[in-house]
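Asker: In my numbering, the protein residues as written are 3 to 185. Don't be surprised by glycine CBs; every beta carbon is placed ideally from N, CA and C. Predicted, not measured: the structure shown is a model, and the values here were computed from it. First the structure, then my questions, so here it is.
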């Protein structure tokens with residue numbers, strides 16, 4: 003009986019070969035948002051603004067459907083337009099925003115929780131935040147009582163960390179310049 007083939011990912015050639023040249027009509031497309039459902043917006047907004055330093059760009063309420071959206075990003079709050087129409091267009095023109103979706107009432111339901119994708123059945127994994135100094139950021143997170151999945155010196159991949167937000171979503175903490183040593 004033959005030995006089972008060793009598992010591996012795609013070769014570089016196979017990965018690039020599986021990609022198509024972008025159509026010219028997509029030249030102005032951009033990744034604008036990633037959405038996470040949150041149980042308690044007060045806890046989540048505090049975490050993403052106070053702990054991670056993001057700015058709330060805009061909030062939208064949908065009373066007939068009983069939910070709210072909170073858009074956050076790394077933007078200077080002084081750049082946010084005051085006019086609501088202008089602010090909305092500006093918010094949706096930012097790259098890589100985080101959209102927190104709160105379904106009203108979940109904060110009062112002790113049985114309510116969201117699946118973070120890192121246990122079976124696996125799916126969504128994490129978002130990533132680039133920082134100038136991973137160790138310094140993690141020291142601050144530790145002082146703030148943030149829950150760690152992985153600290154910078156743990157495991158095989160040194161120099162990066164994973165923390166959890168109030169809903170258990172994983173957030174990779176990385177330094178772009180250090181990533182070249184991991185790849």
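(1) Got a sec, what are the start and stop residues for the alpha helix (DSSP H) residue 179 sits in?
(2) How would you write the range of the beta strand (DSSP E) that residue 72 sits in, first residue to last?
(3) Is the region 32 to 39 touching the region 96 to 113 in the sense that three or more CB pairs, one from each, lie closer than 8 Å?
(4) Let me know the secondary structure DSSP gives residue 137 once reduced to three states.
(5) Taking just the CA atoms, how far does residue 162 sit from residue 130?
(6) Flag this pair as yes or no: are the beta carbons of residue 128 and residue 150 separated by less than 8 Å?
(7) List in chain order: all unbroken beta strand (DSSP E) runs of 3+ residues lying wholly within the region 92 to 149.
(8) For residue 45 and residue 168, what's the separation of their Cα atoms in angstroms?
Answerer: Checking against the coordinates, here is how it stands:
(1) 178 to 181
(2) 69 to 75
(3) yes
(4) helix
(5) 10 Å
(6) no
(7) 99 to 105, 128 to 132
(8) 7 Å
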